[in-house]
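Contents: one structure, followed by commentary.
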Amino acid sequence: LILRLLPSDGVHPLWQSPLTIPGGTRQSPINIQWRDSVYDPVLKPLKISYDPATCLHIWNNGYSFLVEFDDSADRSIIVGGPLENQYRLKQFHFHWGAINEWGSEHTVDSKFYPAELHLVHWNAVVYPTFEEAVMEGDGLAVIGVFLKLGAHHEGLQTLVDALPAIKHKDTVIEFDVFDPSCLLPPCPDYWTYAGSLTTPPLTESVTWIIKKQPIEVDENQLEAFRMLLFTSDGEEEKRMVDNFRPLQPLMNRTVRSSFQ
Ligand SMILES: NS(=O)(=O)c1ccc(C(=O)O)c(S(=O)(=O)NCCc2ccccc2)c1
Ligand SMILES: [Zn+2]
């Protein structure tokens, strides 16, 4: 994997993602052209069952903030949808912009949302560890949820209230109980396609499940994301914004929809 990072001022090194991955045929994110997506009646409803007590901590890893879960057993899982096995929740994180005009990784009909939530799951039925699943075509399943500017989101506020404590890179706080289901929209409709991680190692191991309906969050909640820093305490401050990868070519892929 040859990471060609172009020198650029101000943008966090990780986000000058390589322009192309040699041999990459299923890279993410992509633009979802609604009219080109194909309804697949075989797709099942996605079944989500999370145990709020599996929540461990929330931390700033230097390019997003993430909430990690105890994935040592099948306690927080998803099954159905396009998936052949059940997958265990490992973590969720967000991508967002400096302003409300952009921030999501995926786009719908070339429209950006101000932010996007990713819930990362791995196939513990087939693979013994997450690290191995990351390297396999059916290893991961990531649910993507778009965030749009609108009403205050009660469930998200619990996370927002914790952000000042993890302002700097590599800061972490305990987070005992949180049910990520509260961040999912009520509508069951989704698109699905074969893709990749959007951060190194960019492996082509992700079945993406992108919810059609966004959740609404208010301006103060988006601003709270933007007060986080890419940098550690003591370093020159760089605001954590625009932590999304550029759109990748669709190549020989079809996006399927669970709805007509
Ligand atoms: N946008 S995305 O869903 O593709 C994604 C973003 C960040 C991360 C992460 O590492 O935190 C992840 S991850 O949790 O899947 N980790 C991938 C990198 C990794 C590989 C092997 C071991 C540890 C981390 C995924
Ligand atoms: Zn992500």
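Numbering (our numbering), first residue to last: -11 to 248.
Note that beta-carbon positions come from the ideal geometry of N, C-alpha and C, so glycine has one too.
Check                                                                                                                 : Outcome
Beta strand (DSSP E) segment containing residue 107, residue limits                                                   : 103 to 110
First and last residue of the uninterrupted alpha helix (DSSP H) at residue 148                                       : 142 to 148
Residue 135 vs residue 105 beta-carbon contact at 8 Å                                                                 : yes
Beta-bridge partners of residue 99, as assigned by DSSP                                                               : 96
Which listed residue (32, 46, 49) has its alpha carbon closest to that of residue 72                                  : 32
For residue 22, three-class secondary structure by DSSP                                                               : helix
Residues bridged to residue 254 [DSSP beta-bridge criterion]                                                          : There is simply no residue 254 to check, as the chain begins at -11 and stops at 248 in what is shown.
For residue 198, the nearest candidate out of 78, 87, 69 (CA to CA)                                                   : 69
Minimum C-alpha distance to residue 211 - residue among 223, 229, 218                                                 : 229
Straight-line Cα distance separating residue 21 from residue 127                                                      : 26 Å
Assigned exposure category for residue 76 - 16 Cβ within 10 Å defines buried                                          : buried
beta-carbon residue 19 near ligand 1 non-hydrogen atom, thresh 7 Å                                                    : no
Spatial neighbours of residue -2 in its chain, beta-carbon cut-off 6 Å, leaving aside the 5 residues before and after : Confidence in residue -2 is poor, its pLDDT being 47 and thus under 50, which makes the residue's placement unreliable; the coordinate value appears in the next sentence. Excluding residues within five positions, none has a Cβ falling inside 6 Å.
Host beta strand (DSSP E) of residue 137 (start-end)                                                                  : 128 to 137
Span separating the alpha-carbon of residue 121 from that of residue 113                                              : 10 Å
Range covered by the alpha helix (DSSP H) that runs through residue 208                                               : 207 to 214
contact_flag[the region 37 to 56, the region 149 to 166] where n(CB pairs < 8 Å) is 3 or more                         : yes
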